[in-house]
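Chains as they are written, first to last, in my numbering: chain U, 4 to 117; chain G, 143 to 252. This report refers to the structure that appears directly beneath it.
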Amino acid sequence: GAGVSQTPSNKVTEKGKYVELRCDPISGHTALYWYRQSLGQGPEFLIYFQGTGAADDSGLPNDRFFAVRPEGSVSTLKIQRTERGDSAVYLCASSLSSNTGELFFGEGSRLTVL
Amino acid sequence: TQLLEQSPQFLSIQEGENLTVYCNSSSVFSSLQWYRQEPGEGPVLLVTVVTGGEVKKLKRLTFQFGDARKDSSLHITAAQPGDTGLYLCAGEFRDDKIIFGKGTRLHILP
């Protein structure tokens with residue numbers, strides 16, 4: 004499809020496990036953003052990429068969270084030693100460039116840590 | 143710290159009424175966007191405002207950007223049940239980081 008694709012749509016894991024969430028942006032979009040959204044809240048910024056490099060990772064909560072975008076297209080958000088507090092919807096968005104401010108979102112990956 | 147405050151957090155009104163929601167920050171935005179989000183979906187872009195004082199209209203929705211580019215408002219005229227949803231403002235700062243407010247959850251009663 005032509006939109007932002009996120010997989011898996013749902014992930015249930017146990018506390019302490021490792022999780023990877025994948026985002027496939029719109030073709031040609033150079034900027035890619037990751038957000039985390041808890042119930043009833045707005046999206047919380049985690050990290051954004053311009054091309055292959057992380058331009059700003061100031062929103063990553065701690066060193067258990069890491070994201071990569073090795074070829075400037077698909078990105079993977081990696082969470083080590085998951086905790087119950089990591090449970091949320093993880094949203095990915097892409098943009099034609101990082102200075103248009105207009106984001107196109109995927110449907111999110113719902114992570115539940117038991 | 144870059145923060146966006148949205149108000150009100152919740153709003154429940156009758157069909158046909160008018161309403162305004164607000165988005166404020168102490169920081170200046172390069173641009174500001176309004177999004178609408180339905181349950182189980184990602185936010186969908188409604189509008190972008192860039193110039194201080196700018197006003198944009200989208201059918202019954204009117205968006206205004208403050209002169210100092212620190213605040214914005216969304217006004218809905220004659221609200222309809224289909225307007226129900228979570229309205230989010232997002233500000234783009236000079237470093238291209240885009241921050242969202244907590245949203246206004248709007249419920250229009252038929």
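Beta carbons: idealized from backbone N, C-alpha and C, even for Gly. Small disclaimer: the values here were computed from a predicted structure and weren't measured.
Check your understanding: Just curious, the beta strand (DSSP E) that V197 (chain G) is in, first and last residue?
Key -> 197 to 200
Check your understanding: Would a C-beta distance cut-off of 8 Å place E157 (chain G) and P223 (chain G) closer than the cut-off?
Key -> yes
Check your understanding: Taking only beta-carbon atoms, is L42 (chain U) less than 8 Å away from chain G?
Key -> no
Exercise for review: Please confirm if E234 (chain G) has its CB atom under 8 Å from at least one CB of chain U.
Suggested key: yes
Exercise for review: Could you check the C-alpha separation between Q44 (chain U) and F152 (chain G) for me, to the nearest Å?
Suggested key: Those two C-alpha atoms are separated by around 12 Å.
**Study point:** Spatial neighbours of G243 (chain G) in its chain, beta-carbon cut-off 7 Å, leaving aside the 5 residues before and after
**Key:** L146, E147, Q148, C165, L230, C231
**Study point:** Under the three-state DSSP convention, the category G227 (chain G) falls into
**Key:** strand
**Study point:** Start and end residues, beta strand (DSSP E) containing N65 (chain U)
**Key:** Neither: N65 (chain U) is in no beta strand (DSSP E) and is coded neither H nor E.
Exercise for review: Pull up the distance between the alpha-carbon of F207 (chain G) and that of I218 (chain G), whole angstroms please.
Suggested key: 15 Å
Check your understanding: Is the beta carbon of F108 (chain U) less than 8 Å from the beta carbon of L94 (chain U)?
Key -> One thing to note: F108 (chain U) has its Cβ within 8 Å of the Cβ of L94 (chain U).
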